[in-house]
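Below you'll find the structure, written out as structure tokens, and then a few comments.
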Amino acid sequence: VLSGELDPGVVTLPIEHPRSDELMVVKEISDELMLIVPEDHPLHGRKTFRWQELEGEAVIAFEAGSAVRKIIDQGAAAHGVNLEVVMELRSIESIVQMVRADIGVGFVSKHGLPPSMGVRCKDGGLTRTLGVVRARDRIQSHASRTFFEALEATRS
Numbered sequence: 002v003l004s005g006e007l008d009p010g011v012v013t014l015p016i017e018h019p020r021s022d023e024l025m026v027v028k029e030i031s032d033e034l035m036l037i038v039p040e041d042h043p044l045h046g047r048k049t050f051r052w053q054e055l056e057g058e059a060v061i062a063f064e065a066g067s068a069v070r071k072i073i074d075q076g077a078a079a080h081g082v083n084l085e086v087v088m089e090l091r092s093i094e095s096i097v098q099m100v101r102a103d104i105g106v107g108f109v110s111k112h113g114l115p116p117s118m119g120v121r122c123k124d125g126g127l128t129r130t131l132g133v134v135r136a137r138d139r140i141q142s143h144a145s146r147t148f149f150e151a152l153e154a155t156r157s
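Per my numbering, the very first residue in the sequence shown carries number 2; after that it's consecutive.
What follows is the structure in structure tokens.
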């Protein structure tokens, strides 16, 4: 967004960037990270899990340092669980494919899952706030302006 390649953008809040003051958050969206498991996994079909149930599990995770990975690592550490990360990937689709291939379990946004898929953390702590952002001082295109007007109309 800052380079002008994207308008709008979606980021995890708070924005940790030296030029974050150049961005304007237009809308905040609550997001929950969900555990996904292979079909033959003991947690498959369950509505909730506890961190202790993941001790010793092979985990497919986002790359270290990513916002999602930080949330997952903090949640596990807060409950004394050491995650056994066997693979680090960059995309939700890749993580879902590796879980389906029975490589391990993974965590993805509930917004990227069908309603029946995903296991919620009973211990809590797997939430984040996303922000739809735009460059504060950049002139908007007609398409961008129309998008933001429609987005603003959804606020309640």
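All residues carry an ideal CB built from backbone N, CA and C; glycine is no exception.
DSSP beta-bridge partners of residue i
i: F63; result: L90
i: K28; result: V133
Own chain partners of residue i with C-beta closer than 6 Å, once the 5 adjacent residues on each side are dropped
i: I30; result: L131
i: V86; result: V60, A62
i: H45; result: V38
i: E56; result: V82
Beta carbon of residue i nearer than 8 Å to that of residue j
i: A59; j: G105; result: yes
i: I93; j: S110; result: yes
i: F108; j: M25; result: no
i: A136; j: V2; result: yes
i: H80; j: Q98; result: no
i: K123; j: R20; result: no
Nearest-angstrom beta carbon gap, residue j and residue i [assumed within contact, 8 Å]
i: R129; j: D32; result: 5 Å
i: L127; j: G76; result: 6 Å
Cβ neighbours of residue i in the same chain (closer than 8 Å, five flanking residues each side left out)
i: F149; result: P9, V27, R135, Q141
i: R47; result: V120
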